[in-house]
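Contents: one structure, followed by commentary.
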Amino acid sequence: MRSPKDFFRPLALGAPQPVREIPFRPSRALHFFDPGNPKMAAKVPDLVTQVDVLVGNLEDAIPADRKEVAREGLVEIGKNTDFGDAQLWTRMNSLDSPWALDDLLTLVPAIGHKLDVVIVPKVEGAQDIHYVDRLLAQLEAKAGLERPILVHAILETATGVANVEEIAGASPRMQGISLGPADLAASRRMKTTRVGGGHPGYLVRTDPVGEDITAGRQTYQQDLWHYTVARMVDACAANGILPYYGPFGDIRDTVGCEDQFRNAFLLGCVGAWSLHPAQIKIAKKVFSPSPEDVAWARRVIREMGDGTGTVMIDGKMQDDATVKQCRVVAELADQLAARDPELAEAYAQAQKD
Ligand SMILES: CC(C)(COP(=O)(O)OP(=O)(O)OC[C@H]1O[C@@H](n2cnc3c(N)ncnc32)[C@H](O)[C@@H]1OP(=O)(O)O)[C@@H](O)C(=O)NCCC(=O)NCCSC(=O)C[C@H](O)C(=O)O
Ligand SMILES: [Mg+2]
């Protein structure tokens with residue numbers, strides 16, 4: 001184990017100083033696209049004005065014989081695009097694949113200065129992060145980069161979930177963790193073939209009424225991902241990094257997608273993946289607190305004065321703890337509004353109403 005004193009020393013001579021805090025930058029929609037697909041690549045200049053994060057995907061969903069094309073496509077996009085306030089991330093290939101090493105050896109020298117975060121799939125433990133951490137430091141030093149590239153892990157194996165706390169705290173580079181429900185379902189031998197979302201068979205049923213055990217009993221579908229998301233949120237919060245819901249594969253079901261994203265938002269996640277342009281506005285809406293909730297939060301903060309003691313507002317007790325909850329909402333709203341003028345206007349209007 002590294003000594004705490006070494007934690008913030010660069011892992012290679014000449015590599016940039018590790019960050020001490022993960023900077024909060026809006027990341028409501030992590031938009032996945034195939035950089036080797038000309039139709040998707042053509043949409044990048046428009047997408048940078050809509051999404052918080054563009055993820056050039058190199059891993060699953062990219063056919064094996066298109067891996068190099070996707071990687072080279074990402075290099076071209078990285079070099080030729082002005083990302084403005086949006087961030088550029090990539091999802092590299094998994095560490096046991098024949099492409100992972102070349103992904104980093106190519107991307108860091110070519111576009112490392114534009115790359116904010118590398119997503120590492122199928123992370124199983126701290127050892128995977130340590131490997132990427134050291135390699136990135138060597139490549140950053142060689143490329144003369146001035147700021148470190150951050151690392152994001154996907155939680156998509158049973159072993160990864162068992163080790164989620166050590167993954168979250170494995171390096172100062174750790175920016176966040178996403179749920180990978182499809183690979184995780186396979187790894188756990190779950191019996192859903194969907195990418196995220198619920199399943200009609202995973203339910204609870206009300207008690208029987210009388211003798212007939214089939215009559216009049218309501219069923220309620222449950223959330224297959226509740227345990228994992230909650231565990232991931234705790235691991236991230238305890239380590240000062242950010243949790244994300246991952247993909248929702250039923251592109252047509254925009255209503256189910258919104259519900260699944262909202263569950264994650266309410267549990268503490270700050271964003272989700274968008275796999276199709278139709279999911280971008282869902283993620284941006286869900287992961288921005290509503291103007292009404294923000295107005296309420298600001299009112300509680302105002303009326304609570306120095307934040308101690310207790311007051312009644314509209315029949316509801318407020319105290320030192322509720323003011324902290326309200327600060328979470330109000331601070332997130334301020335951070336998002338700083339980048340999103342439409343949202344800033346909606347929050348200001350709700351304040352006046
Ligand atoms: C899901 C898709 C294959 C659907 O594509 P398509 O059938 O082409 O959809 P449309 O005809 O509705 O598309 C309309 C136009 O929009 C462009 N498009 C589509 N998707 C994107 C995108 N993500 N970014 C940019 N542009 C996009 C189409 O090219 C059409 O363009 P045009 O003809 O000019 O109008 C497709 O959306 C897709 O491939 N999405 C990404 C899938 C992906 O990244 N999957 C991997 C992430 S999920 C995962 O890995 C699981 C996870 O790891 C886990 O384990 O859980
Ligand atoms: Mg996966």
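Per the UniProt record's numbering, residue 1 is the first one in the sequence shown, and the count goes up by one each step. The beta-carbon is built from N, C-alpha and C at its ideal position, and this holds for glycine as well.
Item: Cutoff 6 Å; reference V53; Cβ partners in own chain excluding five residues on either side; Value: S27, L30, Q87, W89
Item: Among Q351, K316, F33, nearest to R298 - alpha-carbon criterion; Value: Q351
Item: V132 in three-state terms, based on DSSP; Value: helix
Item: is_contact[A182, chain C] using C-beta, thresh 8 Å; Value: Structure shown: chain C not included; a single protein chain is present.
Item: beta-carbon G197 near ligand 2 non-hydrogen atom, thresh 7 Å; Value: no
Item: Cβ-based burial, P247 [other Cβ within 10 Å; buried from 16]; Value: buried
Item: CB of I149 within 8 Å of CB of L101, strictly; Value: no
Item: P291 Cβ short of 7 Å to ligand 4 heavy atom set; Value: As far as ligands go, the structure on display features ligand 1 and ligand 2 and does not contain ligand 4.
Item: Buried or exposed (CB count within 10 angstroms, at least 16 for buried), I44; Value: With the sequence shown as reference, residue 44 is identified as Val, and Ile is not the correct amino acid for it. Buried: at least 16 other Cβ atoms inside 10 Å.
Item: Any non-hydrogen atom of ligand 1 closer than 7 Å to F32 Cβ; Value: yes
Item: Ligand 2 heavy atom lying under 7 Å from the CB of A182; Value: yes
Item: C-alpha gap between G112 and V55, whole angstroms; Value: 14 Å
Item: Straight-line gap, Q218 to V328 (C-alpha atoms, nearest Å); Value: 36 Å
Item: P121: CB within 7 Å of a non-hydrogen atom of ligand 2; Value: yes
Item: Close beta carbons around Q50, own chain, < 7 Å, minus the five adjacent residues each side; Value: I280
Item: Beta-carbon proximity of P228 to L179, cut-off 8 Å; Value: Rather than Pro, the amino acid found at residue 228 in this sequence is Thr. Yes.
Item: beta-carbon E156 near ligand 2 non-hydrogen atom, thresh 7 Å; Value: yes
Item: Where D102 sits in the DSSP three-state scheme; Value: helix
Item: Distance between A185 and D128 (C-alpha atoms, nearest Å); Value: 21 Å
Item: Residues that DSSP places opposite I119 in a beta bridge; Value: R91, H152
Item: Proximity test, residue 372 beta-carbon vs ligand 1 heavy atom, cut-off 7 Å; Value: No answer is possible for residue 372: the residues shown for the chain start at 1 and end at 353.
Item: Run of the beta strand (DSSP E) containing P243, from where it starts to where it stops; Value: 242-244
Item: Top-ranked residue by Cα proximity to I177, from V120, K142, T81; Value: V120
Item: Of the listed residues A141, R91, L105, Q222, nearest to V123 (C-alpha basis); Value: R91
Item: Residues that DSSP places opposite I313 in a beta bridge; Value: K316
Item: Euclidean distance between Cα positions of V132 and N93; Value: 12 Å
Item: A41 and G73 closer than 8 Å at C-beta; Value: yes
Item: Cβ pair A235, E156 closer than 8 Å; Value: no
Item: Among A237, L136, G305, the one whose alpha carbon lies nearest that of I167; Value: A237
Item: Beta-ladder partner(s) of N57, from DSSP; Value: R91
Item: Segment contact, 8 Å Cβ cut-off, at least three pairs: the stretch 193-212 with the stretch 131-147; Value: no
Item: G256 versus V294: straight-line alpha-carbon distance, rounded; Value: 25 Å
Item: Contact check, E21 vs G169, beta carbons under 8 Å; Value: no
Item: Any non-hydrogen atom of ligand 2 closer than 7 Å to D60 Cβ; Value: yes
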